[in-house]
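Under my numbering, the first residue of the sequence shown is numbered 1, with each subsequent residue one higher.
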Amino acid sequence: MTLQFHLFSRISSCLALTLATVGVRRCSCFKNKFKLSSSKATVPKTSSSCHQSAAVLKTSCTCHHQEQLYHKQVPVVIIKLPKSGIPSDLVIGVFTMAETDKKFITQAMMLSMILVGAYGNGEIVQDSFGLCPRGQVSGGQQMGVVSGRSKVDCLTRCSQLAGCVGVNVCPSDLDEGVTCTLMSDHSPSGCNNLITAESPLCRFVQKNARPEPPEFCQNGGTQIGNQCVCPMQYSGTTCNRLVRDCEEVYANGYNTGQYNGVFNIQPIPATLPFQVLCNFEWGIGITYALLRNSIYDFNKNWTELRDGFGDPSSFNFFVGLENLHHLLNQAEYEVHVYFVYPEDETMSLGSAFYNNVTVGPEAEYYSLTYDSFFSVSERPADDGFEGGLPLLFSAQGQDTNGCASLSAVPGWYGPGCVTNNGLFASPMTWSTGGAMRSLDELEFIVERTSAFYE
């Protein structure tokens, strides 16, 4: 039997909008971070919600509060195409996007490469602008006033002029467009030293300093504007390192199921890369750490379980305790466990979800901790790692607490050798409804939910 899960069914009140093939989302979100991990997930109630624009980043809404000045970043890519019959400036604008979320801008840059390649030797300019609060504008030196259809036109014009440091954008008195007052001086930088605008709808948008272009792009990366666009296997400012997990592959723009497969990854502390299976079909990049069918024997000794074994493209694979430690300790991760009960059971599917899971180093017996657990009614399961945190790993050759000898099965055990799972038993087992049930197949996957700890 093959696992057929819609792994990341989510609910959201956000309305998606697409601009020039670059995904942009706007939403109203709650002040507290909330997870949208299943079709039955609920949003925690809070006393207040954010009504400003918010960027949807992975599975949470990140609110942009008005009191946080100079907070929104507006990347603009300008493609200058020389051939006749082609618009002289094709602009791709991405709005209400967090500056650190490079996935969308990478997609825009990839589109830029395609367009420039199609229409001849063109020039690509990348700028970003900081949006200040409405009702405040710069009183600095002006370099000219132009009209535009929208804020995009204002930013495009400013990006084209080397001396432009920002633009005051106001509604036009003549039509539905805007008036763009291009500024050649504004100091100090940011949203300080602004003056009250004549209209509460006006605002100052400051052009950020362009970053220095990378000296060169490594490992087959392509320099576009001021950044390197990396091949799927690499990341970093100059594509100088391997990706650290499957989410980095997804962020490089390889974000559809056609790229599913085995990748070499190298988390921050790891000295050597290792292979994992990646899946990009669900709006994120998920990393498979364990895939098992019960016909395969996972009752291994400490060394085998530490180093990992099997083929990541099959249901006979474990990434290894040492690699799992490196992977889960470079950022915050969720662990999702999906399994199939034997066909003669009345309930065929089960799932368990864990927030902020960590695995300690070998010196701490690969101790496992997590912040919270939940399951869903359609695929119920008990907390398989319940039993008093941290759970310590025990196996033949390093019987940490005597539990591997007592149960004749390696695994994570709590005080008194309590465990609610048999990930490495034959057959596999997991607690559901207070009783241990045998399993046919199991997926143990991880999903990054924060930036890397750097």
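Heads up, the beta-carbon is just placed ideally off N, CA and C, and yes, glycines get one too.
Since we're looking at a predicted model, the values are computed, not measured.
Check whether residue i and residue j have beta carbons under 8 Å apart
{"i": "Ser189", "j": "Gln141", "result": "no"}
{"i": "Val165", "j": "Arg157", "result": "no"}
{"i": "Glu447", "j": "Ile265", "result": "no"}
{"i": "Leu328", "j": "Thr358", "result": "yes"}
{"i": "Leu368", "j": "Phe353", "result": "no"}
{"i": "Asn240", "j": "Gln258", "result": "no"}
{"i": "Gly320", "j": "Asp307", "result": "yes"}
{"i": "Gln160", "j": "His186", "result": "no"}
{"i": "Tyr341", "j": "Ser348", "result": "yes"}
{"i": "Leu277", "j": "Val262", "result": "yes"}
{"i": "Ser351", "j": "Ser372", "result": "no"}
{"i": "Gly411", "j": "Phe424", "result": "yes"}
{"i": "Trp302", "j": "Gln396", "result": "yes"}
{"i": "Asn401", "j": "Ser407", "result": "no"}
{"i": "Asn252", "j": "Gly130", "result": "no"}
{"i": "Phe216", "j": "Thr238", "result": "yes"}
Collapsed DSSP secondary structure at residue i in the structure displayed
{"i": "Gly140", "result": "coil"}
{"i": "His186", "result": "coil"}
{"i": "Arg448", "result": "strand"}
{"i": "Gln398", "result": "strand"}
{"i": "Tyr366", "result": "coil"}
{"i": "Leu242", "result": "strand"}
{"i": "Arg292", "result": "strand"}
{"i": "Asp307", "result": "helix"}
{"i": "Ala435", "result": "strand"}
{"i": "Ser37", "result": "Unreliable positioning characterises Ser37 in this predicted model, as indicated by a pLDDT of 30, which lies under 50. A coordinate reading is not provided."}
{"i": "Lys207", "result": "strand"}
{"i": "Tyr250", "result": "helix"}
{"i": "Gln233", "result": "coil"}
{"i": "Gln218", "result": "coil"}
{"i": "Tyr453", "result": "coil"}
{"i": "Asn301", "result": "coil"}
{"i": "Pro171", "result": "strand"}
{"i": "Cys132", "result": "coil"}
{"i": "Asn264", "result": "strand"}
{"i": "Asn316", "result": "strand"}
{"i": "Asp153", "result": "helix"}
{"i": "Tyr341", "result": "coil"}
{"i": "Cys180", "result": "strand"}
8 Å Cβ shell around residue i - same chain, five flanking residues per side excluded
{"i": "Thr429", "result": "Asn421, Gly422, Met436, Arg437, Ser438 and Leu439"}
{"i": "Ser314", "result": "Leu291"}
{"i": "Ser426", "result": "Ser294, Asp297, Phe298 and Asn299"}
{"i": "Gly221", "result": "Cys228, Val229, Cys230, Pro231, Tyr234, Thr238 and Cys239"}
{"i": "Gly434", "result": "Asp382"}
{"i": "Ser150", "result": "Gly177 and Val178"}
Counted within 10 angstroms of its Cβ, other Cβ atoms place residue i as buried (16 or more) or exposed
{"i": "Val418", "result": "exposed"}
{"i": "Ser377", "result": "exposed"}
{"i": "Arg210", "result": "exposed"}
{"i": "Thr449", "result": "buried"}
{"i": "Arg244", "result": "buried"}
{"i": "Ile195", "result": "exposed"}
{"i": "Glu443", "result": "buried"}
{"i": "Ala381", "result": "buried"}
{"i": "Cys63", "result": "Because Cys63 carries a pLDDT of 32, less than 50, the predicted location of this residue cannot be relied on, and the following value inherits that uncertainty. Cys63 is buried by the Cβ-count criterion."}
{"i": "Pro267", "result": "buried"}
{"i": "Asn323", "result": "buried"}
{"i": "Glu334", "result": "buried"}
{"i": "Asn193", "result": "exposed"}
{"i": "Leu305", "result": "buried"}
{"i": "Asp175", "result": "exposed"}
{"i": "Leu272", "result": "exposed"}
{"i": "Glu247", "result": "buried"}
{"i": "Ala16", "result": "Any reading at Ala16 must be qualified, since the residue scores a pLDDT of 23, below 50, and its modelled position is unreliable; the value itself is stated next. Ala16 should be labelled exposed."}
{"i": "Ala197", "result": "buried"}
Contacts around residue i, its chain only, beta-carbon distance under 7 Å, and the 5 residues preceding and following it disregarded
{"i": "His325", "result": "Val359, Gly360, Pro361 and Tyr366"}
{"i": "Pro200", "result": "Arg134 and Gly135"}
{"i": "Ser405", "result": "Asp399"}
{"i": "Ala331", "result": "Arg448, Ser450, Ala451, Phe452 and Tyr453"}
{"i": "Thr432", "result": "Gly350, Pro380, Ala381 and Asp382"}
{"i": "Gly163", "result": "Met143 and Ser184"}
{"i": "Glu364", "result": "none"}
Beta-carbon separation (whole angstroms), residue i vs residue j, contact threshold 8 Å
{"i": "Cys170", "j": "Cys202", "result": "4 Å"}
{"i": "Cys154", "j": "Val137", "result": "Cys154 to Val137, Cβ: 12 Å. No contact."}
Close-in-space but distant-in-sequence residues of the same chain around residue i (CB under 6 Å, 5 per side omitted)
{"i": "Ser172", "result": "Val178 and Thr179"}
{"i": "Asn316", "result": "Tyr296 and Gly310"}
{"i": "Asn279", "result": "Asn260 and Ile286"}
{"i": "His336", "result": "Phe353 and Ile445"}
{"i": "Pro269", "result": "His326"}
{"i": "Ala289", "result": "Val319, Leu324, Phe444 and Val446"}
{"i": "Asn355", "result": "Glu334, Asp371 and Ser372"}
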